[in-house]
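Novice: Numbering-wise (our numbering), the sequence shown opens with residue 28 and increments by one. I have a structure here, written as structure tokens, and I will follow up with some questions on it.
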Amino acid sequence: MRNFDIIVIGGGHAGIEASIVAVQMGCSVGLVTMDKNAIGRMSCNPAIGGSAKGHLVHEIDALGGFMGLIADKTGIQFRVLNKSKGPAVWAGRCQSDRKLYSQEAVNLVTSFKNLEIIEDSILEIYEENKRISYVKTISGNEIKCKALVICSGTFLNGLMHTGLTSIKGGRFGEKASIGLSESLIKMGFSSGRLKTGTPPRLKKESINFEILEEQKGDENPKPFSLRTNKNRFPFLPQISCHITYTDRVVHSILEKGFDKSPMFTGLIEGVGPRYCPSIEDKIVRFSDKLRHQLFLEPEGLDTDQIYLNGFSTSLPAEIQYEAIQKIKGLENAEMVRPGYAVEYDYFPPYQVDLTLETKLIKGLYFAGQINGTSGYEEAAGQGMMAGINAALQIQKRPEFILKRSEAYIGVLIDDLVSKSTNEPYRMFTSRAEHRLLLRQDNVDRRLLKYGYEFGLISKELFNEMKERETFITVGRDLLSHTKILPNQINQLLESKNLSGIYNAETIDKLVKRPELSLKEILNLFEQAEMKVYNNLIDKEKLLEDLEIEIKYEGYIRRQEDLVVKTEKLEKTLIPLNFNYNNLKTISTEGREKLSKIKPHSIGQATRISGVTPSDISVLLVYLKS
Ligand SMILES: Cc1cc2nc3c(=O)[nH]c(=O)nc-3n(C[C@H](O)[C@H](O)[C@H](O)COP(=O)(O)OP(=O)(O)OC[C@H]3O[C@@H](n4cnc5c(N)ncnc54)[C@H](O)[C@@H]3O)c2cc1C
């Protein structure tokens with residue numbers, strides 16, 4: 028029987044990160060996936076990042092993952108979203124060339140010597156004494172492993188719907204995975220059913236872009252990855268997207284098809300994504316809205332396909348087509364393929380712990396859509412964490428868990444495990460209570476140390492970060508001592524209709540004014556003390572980082588204080604085998620939830636819905652005694 032340290036099932040966004048991270052940490056890895064050429068395929072939107080998802084990409088990158096690098100290489104439009112809001116919610120997004128993204132991913136995974144790609148489908152998995160043992164493929168091969176990471180996406184018993192037609196499949200043109208779910212259920216896992224959907228693709232030449240609103244990318248696009256060569260970025264020509272809208276007429280045509288909608292006739296049982304609803308869902312849920320915005324996004328540089336973002340649907344194809352013809356700019360649009368919905372099995376994530384290892388079977392990890400999430404970035408973040416932890420376990424090293432105050436990835440996994448989910452989970456900045464600490468600008472200072480510790484980040488990059496960190500500390504100190512005289516700054520203040528100063532003020536105090544940037548203040552002076560800035564690489568970015576630290580200092584400090592206060596609860600650990608039946612005075616629901624979720628710490632226990640503050644007090648008293 029063949030043998031690997033780690034087998035990863037699925038070459039999607041979770042599987043790519045899991046397998047690459049594990050091989051880089053010194054493990055032999057077998058990546059078993061149904062179609063080699065579909066590695067890294069974007070099932071739906073050809074875009075990476077966006078609100079909160081962009082944060083995840085930066086975090087994956089700082090840990091040593093590859094999603095950001097691939098996106099940088101294959102991006103055809105880059106934008107930072109929410110620039111008018113505070114820096115905590117700035118979020119990078121890129122429109123990718125779908126074909127090139129997948130090609131780049133294939134090139135990457137095939138470049139590692141100890142990572143073997145096996146084109147096959149896993150049918151069954153086997154354990155021995157509650158520890159993962161081996162897997163069996165559809166072609167009859169048996170492969171042994173010390174750890175198994177399942178990243179099977181939307182493929183488990185996948186069923187695709189367009190109108191009243193349903194066919195088995197994981198996504199367009201690809202077979203479903205049959206057998207694996209049943210094998211897991213036989214082991215004692217519980218499963219559920221979710222659904223997601225995708226819009227129709229249109230032929231570019233048939234769209235009248237002339238009459239549509241153009242949406243350009245940023246003038247100075249910023250890469251996701253700290254490792255991208257900025258001198259060569261962007262690597263590809265940059266293109267525009269376009270915006271159009273539905274209207275009442277379009278809605279009434281779509282409504283005609285509701286009696287043949289798999290969603291409304293009960294054909295689809297799985298719960299859909301609340302925050303990424305289909306167009307038919309939007310018409311019903313927001314019936315007072317006269318129109319919905321749609322984005323026309325090119326699928327690549329040399330393809331003729333346009334992705335109709337915002338028009339995800341599983342209505343009959345002829346209804347989709349008829350409605351599209353009534354949309355401005357799409358009057359003559361040719362539909363290359365209709366939208367559809369896909370239903371699939373997932374395994375509610377209370378069944379994994381914070382390392383993403385299942386509580387039932389040692390050495391078995393779940394990552395990505397199988398845990399009930401939706402989105403490439405959420406999947407990739409979990410893939411990283413599962414891959415790292417699987418490797419650490421094999422090497423008998425301590426497990427790796429990111430705290431909620433350290434990373435969105437920490438928030439994501441803690442939410443999944445502590446609250447579980449019965450609908451597709453996607454990341455939002457509002458899910459992170461410490462979001463002012465989890466900014467894109469400080470991601471290197473938050474996470475590079477871990478990537479470096481695991482051998483995924485080079486010493487050079489780590490040292491550069493240390494240098495930046497020192498700069499920020501030194502710069503912060505310098506600016507709080509360097510004073511500006513009224514005659515040096517008042518002209519600038521007047522030009523901005525701001526009140527002038529009468530006495531000398533420190534630079535940091537002035538930078539706190541929202542209308543002033545650090546750069547423009549420093550431009551006014553050529554002070555000897557400021558030479559420190561000239562020696563440092565990436566000066567522009569450094570000044571931006573320093574400015575954020577100063578401007579938001581008060582808020583940041585408050586969040587840091589809060590983290591310190593709650594840290595005590597996070598550090599009060601609960602043994603994994605703790606018997607909650609010993610606690611006679613806690614609520615029945617509290618006992619049930621605590622026994623099911625088995626929280627690591629009191630902090631985690633407080634986040635489980637149904638566990639009351641008095642349950643926590645009882646637990647604390649018991650643990651102390
Ligand atoms: C139609 C559709 C619409 C979507 N819409 C959205 C959306 O609007 N917004 C959004 O955020 N996300 C959307 N998604 C979800 C997004 O594609 C996933 O969240 C993301 O791709 C999950 O990554 P993953 O790595 O978990 O799995 P995937 O990217 O799905 O990859 C799974 C991989 O596992 C392989 N595999 C599965 N079972 C086996 C097996 N038994 N043996 C071997 N290999 C196996 C498959 O071949 C595949 O390569 C959509 C997905 C689909 C299909």
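We treat Cβ as the ideally placed atom computed from N, Cα and C, and that holds for glycine. On a predicted model such as this, the values are computed, not experimentally measured, just so you know.
Any heavy atom of ligand 1 closer than 6 Å to the beta-carbon of Tyr403?
Specialist: Looking up residue 403 in the sequence shown gives position 376. Tyr403: yes, Cβ under 6 Å from ligand 1.
Novice: Closer than 8 Å by C-beta to Leu317: which residues in its own chain qualify, once you throw out the five before and the five after it? Chain order, please.
Specialist: Within the sequence shown, residue 317 is the residue found at index 290, counting from 1. The residues are Asp274, Arg275.
Novice: Using 6 Å as the cut-off, classify the Cβ of Thr225 as near or not near the heavy atoms of ligand 1, replying yes or no.
Specialist: Here residue 225 refers to the residue found at position 198 of the sequence shown. The answer is yes for Thr225.
Novice: Identify the continuous alpha helix (DSSP H) that holds Thr400 and give its terminal residues.
Specialist: Against the sequence shown, residue 400 aligns to sequence position 373. No alpha helix (DSSP H) contains Thr400, which DSSP labels as neither H nor E.
Novice: Whole angstroms are fine: how far does the CA of Arg584 sit from the CA of Glu44?
Specialist: Counting from one through the sequence shown, the residue named residue 44 turns up at place 17. Counting from one through the sequence shown, the residue named residue 584 turns up at place 557. Distance between the alpha carbons of Glu44 and Arg584 is about 34 Å.
Novice: Pull up the distance between the alpha-carbon of Thr639 and that of Glu594, whole angstroms please.
Specialist: As a first step, residue 639 must be located in the sequence shown, where it is residue number 612. As a first step, residue 594 must be located in the sequence shown, where it is residue number 567. Cα to Cα, the separation comes out at about 19 Å.
Novice: Could you check if Thr655 belongs to the surroundings of ligand 1, using beta carbon to heavy atom distance under 6 Å?
Specialist: What the structure shows of the chain is the stretch from 28 to 652, and residue 655 is not part of that stretch, so it cannot be assessed.
Novice: What three-state label does DSSP hand Tyr607 in the structure shown?
Specialist: Position 580 of the sequence shown holds residue 607. It is helical.
Novice: Run the CB neighbour count on Pro425, radius 10 Å, all protein chains shown included, and call it buried at 16 or more, exposed below.
Specialist: The count along the sequence shown starts at 1 and reaches residue 425 at position 398. Classification of Pro425: exposed, given that the 10 Å Cβ count is below 16.
Novice: What's the call for Asn416, buried or exposed, on a 16-neighbour Cβ count within 10 Å?
Specialist: For this step, residue 416 is matched to residue 389 along the sequence shown. That one is buried.
Novice: Rounded to whole angstroms, what's the CA-CA distance from Leu463 to Gly39? Just pull it up for me.
Specialist: Mapped onto the sequence shown, residue 463 falls at position 436. Mapped onto the sequence shown, residue 39 falls at position 12. Answer to the nearest angstrom: the Cα atoms are 31 Å apart.
Novice: What do you reckon, is the C-beta of Gly119 under 6 Å from a heavy atom of ligand 1?
Specialist: For this step, residue 119 is matched to residue 92 along the sequence shown. Not so, every heavy atom of ligand 1 lies at least 6 Å from the Cβ.
Novice: Mind the definition here: the stretch 337 to 356 touches the stretch 286 to 296 only if three or more C-beta pairs lie below 8 Å; say whether that holds.
Specialist: Segments in contact, yes.
Novice: Does the beta carbon of Thr385 fall short of 6 Å from some heavy atom of ligand 1?
Specialist: Sequence index remark: in the sequence shown, residue 385 carries index 358 (1-based). Not under cutoff, so the answer is no.
Novice: In the DSSP assignment, find the beta strand (DSSP E) that holds Tyr334 and state where it starts and stops.
Specialist: Indexing the sequence shown from 1 puts residue 334 at position 307. That run of the beta strand (DSSP E) goes 332 to 336.
Novice: Just confirm the distance between the C-beta atoms of Arg228 and Tyr128, as a whole number of angstroms; I'd bet it's less than 8 Å.
Specialist: Within the sequence shown, the letter at position 201 stands for residue 228. Within the sequence shown, the letter at position 101 stands for residue 128. So it is not a contact: roughly 16 Å between Cβ atoms.
Novice: How many Å lie between Leu563 and Asp572 at the Cα?
Specialist: Taking the sequence shown and counting its residues from 1, the one referred to as residue 563 is at position 536. Taking the sequence shown and counting its residues from 1, the one referred to as residue 572 is at position 545. Residue confidence for Leu563 is low, a pLDDT of 45 falling below 50, so the modelled location carries little weight; the figure read from the coordinates is stated next. Their backbone Cα atoms lie some 13 Å apart in a straight line.
Novice: Taking Ser166 as the reference, give the member of Glu151, Ala132, Asn609 with the closest Cα.
Specialist: Mapped onto the sequence shown, residue 166 falls at position 139. It is Glu151 whose Cα lies nearest to the Cα of Ser166.
Novice: Quick one: residues in its chain with C-beta nearer than 7 Å to the C-beta of Ser432, no 5 flanking neighbours on either side, listed in chain order?
Specialist: For the purposes of this step, residue 432 is taken as residue 405 along the sequence shown, with counting starting at 1. Excluding sequence neighbours, Ser432 sits near His461, Leu464, Val590.
Novice: Under the three-state reduction of DSSP, which class applies to Phe455: helix, strand or coil?
Specialist: Position 428 of the sequence shown, counting from 1, holds the residue named residue 455. In the structure shown, Phe455 sits in coil (DSSP, three-state: anything other than H, G, I, E or B).
Novice: For Lys568, does the three-state DSSP call read helix, strand or coil?
Specialist: Numbered from its first residue, the sequence shown carries residue 568 at position 541. Helix.
Novice: By Cβ distance below 7 Å, which residues in the same chain neighbour His82 in space, the five residues on each side in sequence not counted?
Specialist: Working through the sequence shown from its first residue, we reach residue 82 at position 55. Same-chain partners within the cutoff: Ala118, Tyr435, Leu465, Gln467.
Novice: Should Phe374 be counted as a contact of ligand 1 given a C-beta to heavy atom distance under 6 Å?
Specialist: Residue mapping note: residue 374 aligns to position 347 of the sequence shown, counting from 1. No, Cβ of Phe374 sits at least 6 Å from all heavy atoms of ligand 1.
Novice: Between the stretch 132 to 152 and the stretch 343 to 359, do three or more beta carbon pairs fall short of 8 Å?
Specialist: Not touching, per the Cβ criterion.
Novice: State buried or exposed for Glu521, treating a residue as buried only when at least 16 other CB atoms are found within 10 Å of its CB.
Specialist: Against the sequence shown, residue 521 aligns to sequence position 494. Flag for Glu521 reads exposed.
Novice: Check for me: the alpha helix (DSSP H) holding Lys486 runs from which residue to which?
Specialist: By 1-based counting over the sequence shown, the position of residue 486 is 459. That run of the alpha helix (DSSP H) goes 486 to 508.
Novice: From the DSSP output, which residues share a beta bridge with Ser204?
Specialist: As a first step, residue 204 is located in the sequence shown; it is residue number 177 there, counting from the start. Ser204 pairs with Leu183.
Novice: Using only the heavy atoms of ligand 1, determine whether one of them is closer than 6 Å to the beta carbon of Ile205.
Specialist: Position 178 of the sequence shown, counted from the first residue, corresponds to residue 205. No - ligand 1 has no heavy atom lying nearer than 6 Å to the Cβ of Ile205.
Novice: Do you know offhand how far Asp99's Cα is from Ala79's?
Specialist: Locating residue 99 in the sequence shown gives position 72, counting from the first residue. Locating residue 79 in the sequence shown gives position 52, counting from the first residue. The straight-line gap from Cα to Cα measures roughly 18 Å.
Novice: Might you give, ordered along the chain, the residues of its own chain that have their beta carbon closer than 6 Å to the beta carbon of Phe489, omitting 5 neighbours on each side?
Specialist: Along the sequence shown, one-based indexing puts residue 489 at 462. So the qualifying residues of the chain are Leu475, Tyr479.
Novice: Only counting runs of 3 or more residues, tell me where the beta strand (DSSP E) segments fall wholly within the stretch 243 to 290, in order along the chain.
Specialist: As far as the stretch 243 to 290 is concerned, its whole beta strand (DSSP E) runs of at least 3 residues are 268 to 272.
Novice: Does the stretch 379 to 386 come within contact of the stretch 436 to 446, defined as at least 3 CB pairs closer than 8 Å?
Specialist: Touching, yes.
Novice: Which same chain residues, not among the five before or five after Gly77, have their C-beta less than 7 Å away from its C-beta?
Specialist: The residue labelled residue 77 in the question sits at position 50 within the sequence shown. For Gly77, where only same-chain residues beyond five positions count, the Cβ hits under 7 Å are Leu108, Ala118, Arg120.
Novice: Use the C-beta contact count for Ala394: other C-beta atoms within 10 angstroms, 16 or more gives buried, fewer gives exposed.
Specialist: The count along the sequence shown starts at 1 and reaches residue 394 at position 367. Looking at its Cβ environment, which holds 16 or more other Cβ atoms inside 10 Å, Ala394 is buried.
Novice: Does any heavy atom of ligand 1 sit closer than 6 Å to the C-beta of Val369?
Specialist: Translated into positions along the sequence shown, residue 369 becomes position 342. The answer is yes for Val369.
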